[in-house]
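Comments concern the structure below.
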Amino acid sequence: MKKIFAILLTTTLLAACGDNTTDRAAVGAGIGAVTGAVVGSTIGHGGAGALVGGAAGAAVGGMTTSDEIDLGKPVWR
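In the numbering used here, the protein residues as written are 1415 to 1491.
Printed below as a string of structure tokens:
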């Protein structure tokens, strides 16, 4: 239960996308890494899942525009 709570908390903190490509790529990488780790751990490869998910999330986040995804100001700004 603690793992699920930690995952949900991390995803919530990362959910605020920025208005520039770098912020969206960073958020995408974080969400992708968490999701990949969870999915990968179900088959015994959490680390590999985190790497693949993080790379995919960063790529998708970097390719989007603020018109497509704009959830407001990031937590770190």
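Built from N, CA and C at the ideal position, the CB exists for glycine as well. Bear in mind the structure is a predicted one, so any value in this text is a computation, not a measurement.
- Are the CB atoms of residue 1451 and residue 1472 nearer to each other than 8 Å? The answer is no: Cβ separation not under 8 Å.
- Sequence-distant residues of its chain with Cβ nearer than 6 Å to residue 1467 (five each side left out): So the qualifying residues of the chain are 1446, 1447, 1449 and 1450.
- Determine the DSSP secondary structure at residue 1479, reduced to helix, strand or coil. Looking at residue 1479 - three-state DSSP - the assignment turns out to be coil, as it is neither helix nor strand.
- Item | Proximity to residue 1474 [Cα-Cα], best of 1439, 1455 and 1465 | Of the candidates 1439, 1455 and 1465, the one whose C-alpha sits nearest the C-alpha of residue 1474 is 1439.
- Query: Is it buried or exposed for residue 1420, if we count other Cβ within 10 angstroms and need 16 for buried?
  - Reply: The residue in question, residue 1420, is exposed, as its Cβ has fewer than 16 Cβ neighbours within 10 Å.
- Message: For residue 1435 and residue 1454, what's the separation of their Cα atoms in angstroms?
- Response: Annotation: residue 1435 to residue 1454 spans about 27 Å, alpha carbon to alpha carbon.
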